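Single-structure report; data block below.
Numbering (this note's numbering), first residue to last: 1 to 434.
Shown next as structure tokens:
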């Protein structure tokens, strides 16, 4: 069927209040999603003691979440572009719920891993759908700030998971009850997706939402994304590989290497999450006004390099390196994800985020297994806390690589092929992305 010539849409844009209500609602699915992802961290030592899992097996249980996304998340981005954000969001939230249920059914590693794999199958694609929805509603407006609020609400799910040994202490007598609580959060995620569907459908009938999803996705377009995009992707893979696999073993590491209680270990990780919850929207607010995106990503990467060595080799208060990590974890995502919307056109944005998340998941799968294997190889335990140092060295190297890619991005953006990442502000908005 041929497309008619474009016509001017005379309908009004959604009100600012309506856009922010939509942002809150579309953040609910990712809030539940983050809780379910992080529910493994507080039970890592219970899986070791009660089910006799090794660190390598625990790393696999967390890492297998990312395995299907090496392919699925790109397909998820294509699905978002093809069927639209609201249908994709509901589909992926449903898959996540099934995965959370399967994970809790049996203490056998193969079935638990199958559940985590199913959850991962939907979860990262759900994040792509949410990211695309936020870009759809806020592009050309308060985009970085909106991304920051979205991440703040998402990480509230992480915070609740990491601090659950405190607020749900009675549940931690065994490994199963914490996973049952996670199923409840998966239900909340699906409810949020359904409410977003209702709101978007309502707005589409009455308002102009700008460009929607396209009905034609050309797979070869992914090979046309520019050099700046690939530098952002490279930074994404090393940055998240330095954060999330650390969180997988963080509570166990704090207990074994620093004598922390489970509650203190959970609260230390929760402190990291608190930094990101409030810092990410704050940084997003300022980035929208000052630009300098690649320079800020360089600064965030510099902060990551020493934190793991401080925890592995010194007795400095753990609050110091965790605060530094929290600052970096708040800053870089606030800049990185919105930057893609300035480099890639709206019609390819779901695919671009899907591809970026796909490659990120290669890193998350690989490094969860690598760090777990390094801990097992080095005999990391409460009786051999030095065994954790090999993993800490690997994390520091990833921080250095992040600095390298952020530097290369800045050099590219300051040249003739830049997209304005260093100069675009709300006072000086960009032209349409190239």
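For each residue, glycine too, the CB sits at the ideal point set by N, CA and C.
Remember, predicted model here, so these are calculated numbers, not experimental data.
Using 8 angstroms for Cβ pairs, my map puts residue i next to residue j. What's the rounded Cβ distance?
{"i": "residue 373", "j": "residue 174", "result": "27 angstroms between Cβ atoms; not a contact."}
{"i": "residue 302", "j": "residue 334", "result": "With 8 angstroms as the limit, residue 302 and residue 334 do not qualify as a contact, their Cβ atoms being about 16 angstroms apart."}
{"i": "residue 122", "j": "residue 93", "result": "7 angstroms"}
{"i": "residue 359", "j": "residue 237", "result": "5 angstroms"}
{"i": "residue 366", "j": "residue 78", "result": "The Cβ separation is near 24 angstroms, so there is no contact."}
{"i": "residue 111", "j": "residue 99", "result": "That pair is no contact at about 12 angstroms."}
{"i": "residue 116", "j": "residue 64", "result": "5 angstroms"}
Do you know offhand how far residue i's Cα is from residue j's?
{"i": "residue 69", "j": "residue 305", "result": "27 angstroms"}
{"i": "residue 85", "j": "residue 201", "result": "11 angstroms"}
{"i": "residue 114", "j": "residue 38", "result": "17 angstroms"}
{"i": "residue 62", "j": "residue 101", "result": "16 angstroms"}
{"i": "residue 223", "j": "residue 230", "result": "10 angstroms"}
{"i": "residue 190", "j": "residue 82", "result": "21 angstroms"}
{"i": "residue 21", "j": "residue 178", "result": "31 angstroms"}
{"i": "residue 261", "j": "residue 278", "result": "26 angstroms"}
{"i": "residue 369", "j": "residue 233", "result": "21 angstroms"}
{"i": "residue 216", "j": "residue 46", "result": "Unreliable positioning characterises residue 216 in this predicted model, as indicated by a pLDDT of 40, which lies under 50. The coordinate reading is nonetheless provided below. Taking the straight line from one Cα to the other gives about 48 angstroms."}
{"i": "residue 309", "j": "residue 108", "result": "35 angstroms"}
{"i": "residue 143", "j": "residue 106", "result": "43 angstroms"}
{"i": "residue 226", "j": "residue 32", "result": "34 angstroms"}
{"i": "residue 17", "j": "residue 378", "result": "54 angstroms"}
{"i": "residue 383", "j": "residue 55", "result": "15 angstroms"}
{"i": "residue 103", "j": "residue 251", "result": "21 angstroms"}
{"i": "residue 290", "j": "residue 265", "result": "36 angstroms"}
{"i": "residue 349", "j": "residue 228", "result": "15 angstroms"}
{"i": "residue 66", "j": "residue 72", "result": "10 angstroms"}
{"i": "residue 124", "j": "residue 421", "result": "26 angstroms"}
{"i": "residue 330", "j": "residue 34", "result": "16 angstroms"}
{"i": "residue 417", "j": "residue 315", "result": "46 angstroms"}
{"i": "residue 15", "j": "residue 141", "result": "12 angstroms"}
{"i": "residue 80", "j": "residue 387", "result": "43 angstroms"}
{"i": "residue 139", "j": "residue 364", "result": "28 angstroms"}
{"i": "residue 389", "j": "residue 381", "result": "11 angstroms"}
Excluding five sequence neighbours on each side, which residues of the same chain lie with their C-beta closer than 6 angstroms to the C-beta of residue i?
{"i": "residue 362", "result": "70"}
{"i": "residue 307", "result": "321, 324, 325"}
{"i": "residue 152", "result": "277, 280, 281"}
{"i": "residue 95", "result": "121, 122"}
{"i": "residue 328", "result": "300, 303, 304"}
{"i": "residue 19", "result": "137"}
{"i": "residue 352", "result": "340, 344"}
Using C-beta distances below 8 angstroms, list every residue in its chain close to residue i, excluding the 5 sequence neighbours before and after it, in chain order.
{"i": "residue 298", "result": "403, 406, 407, 410"}
{"i": "residue 89", "result": "26, 29, 126, 129, 130, 133, 193, 196, 197"}
{"i": "residue 166", "result": "263, 266, 267"}
{"i": "residue 318", "result": "254, 258, 260, 268, 311"}
{"i": "residue 235", "result": "297, 301, 332, 336, 402, 405, 406, 409"}
By Cβ distance below 7 angstroms, which residues in the same chain neighbour residue i in space, the five residues on each side in sequence not counted?
{"i": "residue 391", "result": "371, 374, 375"}
{"i": "residue 385", "result": "256, 257"}
{"i": "residue 246", "result": "395"}
{"i": "residue 156", "result": "31, 277"}
{"i": "residue 50", "result": "174, 175"}
{"i": "residue 57", "result": "109"}
Is the closest heavy atom of the ligand SAH to the C-beta of residue i under 6 angstroms?
{"i": "residue 281", "result": "Looking at this structure, you won't find the ligand SAH or any other ligand, since it has none at all."}
Using 8 angstroms as the threshold, is the stretch 179-197 in touch with the stretch 286-295, meaning 3 or more CB pairs across them?
no
The stretch 283-292 touching the stretch 141-150, judged by at least three CB pairs closer than 8 angstroms:
yes
Determine, using beta-carbon pairs with one atom in the stretch 240-251 and one in the stretch 382-400, whether at least three such pairs fall under 8 angstroms.
yes
So does the stretch 153-170 actually touch the stretch 266-274, counting three or more Cβ pairs closer than 8 angstroms?
yes
Whole alpha helix (DSSP H) runs in the stretch 102-147 with 4 or more residues, listed along the chain?
109-138
Ordered list of alpha helix (DSSP H) runs contained in the stretch 26-57, each at least 4 residues:
44-50
Let me know the alpha helix (DSSP H) ranges lying completely inside the stretch 217-291, each 4 residues or longer, listed in chain order.
Listed in chain order, the complete alpha helix (DSSP H) runs (minimum 4 residues) inside the stretch 217-291 are 227-258, 262-290.
Enumerated in chain order, which unbroken segments of the alpha helix (DSSP H) with a length of 4 residues or greater are wholly contained in the stretch 326-400?
349-377
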